[in-house]
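Please read the structure below before turning to the comments.
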Amino acid sequence: MKTAVGSVKNTSLALYFADFKEITKARLAVSVVFSSIAGYFLGAVEISFTSVLLLAFGGYCMVGASNAYNQIIEKDLDALMSRTRNRPIPSGRMSVNTAMAIAVLMTILGIVALYFLNPKTAMFGAISIFLYTSVYTPLKTKTPLAVFVGAFPGAIPFMLGWVAATDHFGIEPGTLFMIQFFWQFPHFWALGWMLDEDYKKGGFKMLPTGKKDKGTALQIIMYTIWMMIISIIPVFGFTGRLQLSIVAAVIVFLMGTVMLFFAFRLYEKRDNASARKLMLASVSYITLMQVVYVMDKFI
Numbered sequence: 003m004k005t006a007v008g009s010v011k012n013t014s015l016a017l018y019f020a021d022f023k024e025i026t027k028a029r030l031a032v033s034v035v036f037s038s039i040a041g042y043f044l045g046a047v048e049i050s051f052t053s054v055l056l057l058a059f060g061g062y063c064m065v066g067a068s069n070a071y072n073q074i075i076e077k078d079l080d081a082l083m084s085r086t087r088n089r090p091i092p093s094g095r096m097s098v099n100t101a102m103a104i105a106v107l108m109t110i111l112g113i114v115a116l117y118f119l120n121p122k123t124a125m126f127g128a129i130s131i132f133l134y135t136s137v138y139t140p141l142k143t144k145t146p147l148a149v150f151v152g153a154f155p156g157a158i159p160f161m162l163g164w165v166a167a168t169d170h171f172g173i174e175p176g177t178l179f180m181i182q183f184f185w186q187f188p189h190f191w192a193l194g195w196m197l198d199e200d201y202k203k204g205g206f207k208m209l210p211t212g213k214k215d216k217g218t219a220l221q222i223i224m225y226t227i228w229m230m231i232i233s234i235i236p237v238f239g240f241t242g243r244l245q246l247s248i249v250a251a252v253i254v255f256l257m258g259t260v261m262l263f264f265a266f267r268l269y270e271k272r273d274n275a276s277a278r279k280l281m282l283a284s285v286s287y288i289t290l291m292q293v294v295y296v297m298d299k300f301i
């Protein structure tokens, strides 16, 4: 009997944990934490394990809170779309009050954790939550410019790590911000292309032209090129302590050409399969680019 009760409790805990991961978008949050830690390693003169833990915890809370607020606001629209109707709130597994409690708690814990690093880091974390929740989320059903607005909070994590390590905002974290800012356009437009039909059920306007056409594909190509250029700027010595060797710059540029290749393929074929390949290439690019930057500093 005790075993059966224990098994039920374990199952319930597993379900609650699964819903917590869903409401905070755990995979996305972990990728954001990775970007923040990469930025920290780039900025730090000495690595502090405590600072890394605070940054990881605060970064996860920052993203988790933003996503929880987002799912509260969009609960009725999520119920209309195939990919989101099984989320905790529209499916009825989690109440709005519970989700709000999670969001508020994570907001407080995240900002406090980042404040322990330094006030600038906490400020940028708070700005990110505000922009994502109060500006980007409402605009998604109004205008395709929502992606432009959303690129601002989305670009903060990489530079947040540098600010956490140095308590300074300047050309170095500004460059890291711009790299991730321009990367987001091909990434999210590729995702928007794949999910366009489903997005339209919820009334979301994610593609720049509103259509899966050559105009959208051309803009993806243009932003990919800008991303490639900005990603190698540190090799020219214009970005203070943020530097990149010639070898690392070549590697980063070649990785960018892979994304550019898939962007051209999307322009040529204009199908979901090409968009998916571009989206996957973009995920690989942002991760590997950050790894190359960090390895180039320490090797």
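For the sequence shown, my numbering gives the first residue as 3, with consecutive numbering after it.
Idealized CB from N, CA, C, for every residue including glycine.
What do you reckon, are the CB atoms on M196 and N274 nearer than 8 angstroms?
yes
May I ask you to verify whether the stretch 136-154 touches the stretch 30-44, counting CB pairs closer than 8 angstroms and requiring at least 3?
no
For G172, which residues in the same chain have their Cβ closer than 7 angstroms to its Cβ, ignoring the five residues on either side in sequence?
G242
Other residues of its chain near V10: CB distance less than 6 angstroms, five sequence neighbours each side excluded:
Its pLDDT being 49, under 50, V10 is placed unreliably in this model, and the coordinates cannot settle the point.
Along the chain, which unbroken stretches of the beta strand (DSSP E) at least 3 residues long are found entirely within the stretch 201-245?
none
Coil, strand or helix - F132 by DSSP
helix
For M102, which residues in the same chain have their Cβ closer than 7 angstroms to its Cβ, ignoring the five residues on either side in sequence?
I74
Alpha carbon to alpha carbon, how far is S37 from T289? Give it in angstroms, no decimals.
8 angstroms
Going by beta carbon distance, what residues of the same chain come within less than 6 angstroms of S276, once the five residues before and after it are set aside?
R267 and L268
Cβ of T123 within 8 angstroms of Cβ of L116?
yes
Boundaries (first-last residue) of the alpha helix (DSSP H) holding K271:
I248 to K271
Compute the beta-carbon to beta-carbon distance between A2 and P92, rounded to the nearest angstrom, for a pair I have assumed lies under 8 angstroms.
In the structure displayed, the chain extends from 3 to 301; residue 2 sits before or after that span and is not available.
Tell me whether the stretch 156-169 and the stretch 181-189 touch, counting them as touching only if at least three CB pairs, one residue from each stretch, are closer than 8 angstroms.
yes
Closer than 8 angstroms is the cut-off here; do at least three beta carbon pairs connect the stretch 142-150 with the stretch 202-221?
yes
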